[in-house]
Amino acid sequence: MSLVVSETAAPGIAHIAINRPDKRNAVGPEARNDLIEAVTGALADSAVRSIVIGSTDGHFCAGGDIDSMIDLDVASGRTRMKDNHRMVRLLAEAEKPLIAAVEGFAVGAGAGIALLCDSIVLAEGGALGFPFFRIGLTPDYGILHTLPRRVGNANARQILLRAQMIKGQDAVDMRLADELVADGGAEARAVEIAQEMADMPPHAFALTKRHLAMEPQTLEAALELEALSQSLAFVGPELEEGRAAFAEKRKPKFR
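Going by this note's numbering, the letters in the sequence shown line up with residues 819 to 1073, in that order.
Dropping the structure here:
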């Protein structure tokens, strides 16, 4: 039985969530593999335009399953991390929109998964937590990369070195989350954002995501990427549809 639920939240919108209520959706090897399978399937499905990674039973993900870490040695621990990194790369390189709907806690690996999404909707009673030191571990799931990029190095340093839980409005204020909604409302708002992004031209959207991920360090590098992506966009069908919609004063219908 899969530890992940995958369903259609709205036309063109896939909803994927870990479903381990007895573990508050903690992610171990089996849940991770099920999540990889579900996300891979949604990314390959041409009918899916956006993906919401959501919560079940009021929880997003309580982090890594500590019980699954028993009896690891250096070699098996490294293998586990490489397997986890398949999940990280899959989300980081996804060309479709990814929206995290966080009810309750997104802790440790759960926070890492949320940070790999394009937008994070947080319920008022929810929090993103980074308590790795409290159990004798170091940050994983790409957090050492994604967290400073979201909140800046100074904030990331305080969050990680003090093993902080960042709740509600505080998370939004420091840009750790993008929107705050009433408890129970994260899923619905995430679907709305997913639909908004799904209506964007998919190829232009994917190119922009790819270039944002590359994070060019100089103006010249950014301009080179800009020239590449825009020259491709100039000859694509999305510009043709956009121009036609503009002339006809209607909403564009990108495919």
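Each residue gets a CB set at the ideal place from its N, CA and C atoms; glycine is no exception.
Treat the numbers as computed from the prediction; the structure is a model and nothing was measured.
Looking at A832 and the ligand GTP, is the gap between the Cβ and the nearest heavy atom below 7 Å? Within the structure as shown, the ligand GTP is missing, as the structure has no ligands at all.
Same chain only: Cβ atoms within 8 Å of E848, ignoring 5 sequence neighbours per side: Start at 1 with the first residue of the sequence shown, and residue 848 comes out as number 30. Excluding the 5 residues flanking it on each side, E848 has same chain C-beta neighbours closer than 8 Å at L821, in chain order.
Pick from G859, D885, L994, Y959 that is closest to A945, judged by C-alpha positions: Reading the sequence shown from its first residue, position 127 is the one you call residue 945. Cα-wise, what sits closest to A945 is L994.
Grouping DSSP H, G and I as helix and E and B as strand, with all else coil, what is E848? Here residue 848 is taken as the residue at index 30 of the sequence shown, counted from 1. In this structure, DSSP gives E848 a helical state, which the three-state scheme calls helix.
Between L978 and K1071, what straight-line distance do the alpha-carbon atoms span, to the nearest angstrom? In the sequence shown, residue 978 corresponds to position 160, counting from 1. In the sequence shown, residue 1071 corresponds to position 253, counting from 1. Going by the C-alpha atoms only, they are around 43 Å apart.
Once DSSP output is grouped into helix, strand and coil, what is the label at A912? Here residue 912 corresponds to residue number 94 of the sequence shown, with the count starting at 1. In the three-state reduction of the DSSP assignment, A912 falls in the coil class, being assigned neither a helical nor a strand state.
Going along the chain, which unbroken runs of the alpha helix (DSSP H) with 4 or more residues stay wholly within the segment 945-1018? As far as the segment 945-1018 is concerned, its whole alpha helix (DSSP H) runs of at least 4 residues are 961-969, 971-979, 986-991, 1004-1016.
Tell me whether the beta-carbon of L916 lies closer than 8 Å to the beta-carbon of I871. Along the sequence shown, one-based indexing puts residue 916 at 98. Along the sequence shown, one-based indexing puts residue 871 at 53. Yes, the Cβ-Cβ distance between L916 and I871 is below 8 Å.
Cβ-Cβ separation, A929 to G943 (assumed contact under 8 Å), whole Å: Position 125 of the sequence shown holds residue 943. Position 111 of the sequence shown holds residue 929. A929 and G943 do not touch by the CB rule: their CB atoms are close to 16 Å apart, not below 8 Å.
Rounded to a whole number of angstroms, what is the C-alpha to C-alpha distance between F951 and R1061? Position 133 of the sequence shown, counted from the first residue, corresponds to residue 951. Position 243 of the sequence shown, counted from the first residue, corresponds to residue 1061. In a straight line, the C-alpha of F951 is about 53 Å away from that of R1061.
Going by beta-carbon coordinates alone, are A832 and A860 separated by less than 8 Å? To locate residue 832, count along the sequence shown from 1; it is residue 14. To locate residue 860, count along the sequence shown from 1; it is residue 42. A860 is positioned such that its CB atom lies closer than 8 Å to that of A832.
Which whole-angstrom value is the C-beta distance of S868 and G830, which I expect to be below 8 Å? As a first step, residue 868 is located in the sequence shown; it is residue number 50 there, counting from the start. As a first step, residue 830 is located in the sequence shown; it is residue number 12 there, counting from the start. Rounded, the Cβ-Cβ distance is 7 Å, consistent with contact.
So the alpha helix (DSSP H) T1026 belongs to, where does it begin and stop? Numbered from its first residue, the sequence shown carries residue 1026 at position 208. Start and end: 1020-1032.
Simplified DSSP state of T858, which is helix, strand or coil: The residue given as residue 858 occupies position 40 in the sequence shown. In the three-state scheme derived from DSSP, where H, G and I count as helix and E and B as strand, T858 is classed as helix.
Identify whether I834 lies in helix, strand or coil by the three-state DSSP scheme. Taking the first residue of the sequence shown as position 1, residue 834 is located at position 16. Three-state DSSP puts I834 in a strand.
Name the residue from G970, T897, A927, A856 whose alpha carbon lies nearest to the alpha carbon of F878. Sequence index remark: in the sequence shown, residue 878 carries index 60 (1-based). Checking every option, the nearest Cα to that of F878 belongs to A927.
Out of curiosity, what's the CA-to-CA distance linking V906 and E1058? In the sequence shown, the residue the question calls residue 906 occupies position 88. In the sequence shown, the residue the question calls residue 1058 occupies position 240. The straight-line gap from Cα to Cα measures roughly 35 Å.
Just the C-alpha distance for R1028 and R904, rounded to the nearest angstrom, thanks. As a working note, residue 1028 is residue 210 in the sequence shown. As a working note, residue 904 is residue 86 in the sequence shown. Going from the Cα of R1028 to the Cα of R904 covers about 17 Å.
Closer than 7 Å by C-beta to I854: which residues in its own chain qualify, once you throw out the five before and the five after it? Chain order, please. On the sequence shown, position 36 is the one that residue 854 refers to. These residues qualify, in order along the chain: R904, M905, L908.
Do G882 and V845 have their C-beta atoms closer together than 8 Å? Position 64 of the sequence shown, counting from 1, holds the residue named residue 882. Position 27 of the sequence shown, counting from 1, holds the residue named residue 845. Yes, the Cβ-Cβ distance between G882 and V845 is below 8 Å.
Give me, in chain order, the residues of the same chain whose beta-carbon lies closer than 8 Å to that of T826; leave out the 5 immediate sequence neighbours on both sides. As a position in the sequence shown, residue 826 is number 8, starting the count at 1. Result list for T826: A832, H833, in chain order.
Report all residues from its chain with a CB closer than 6 Å to the CB of D1001; omit the five preceding and five following residues, and keep chain order. On the sequence shown, residue 1001 is found 183 positions in, with the first residue counted as 1. Apart from the 5 residues on each side of it in sequence, D1001 sits with its Cβ closer than 6 Å to the Cβ of A941, E942, G943 in its chain, given in chain order.
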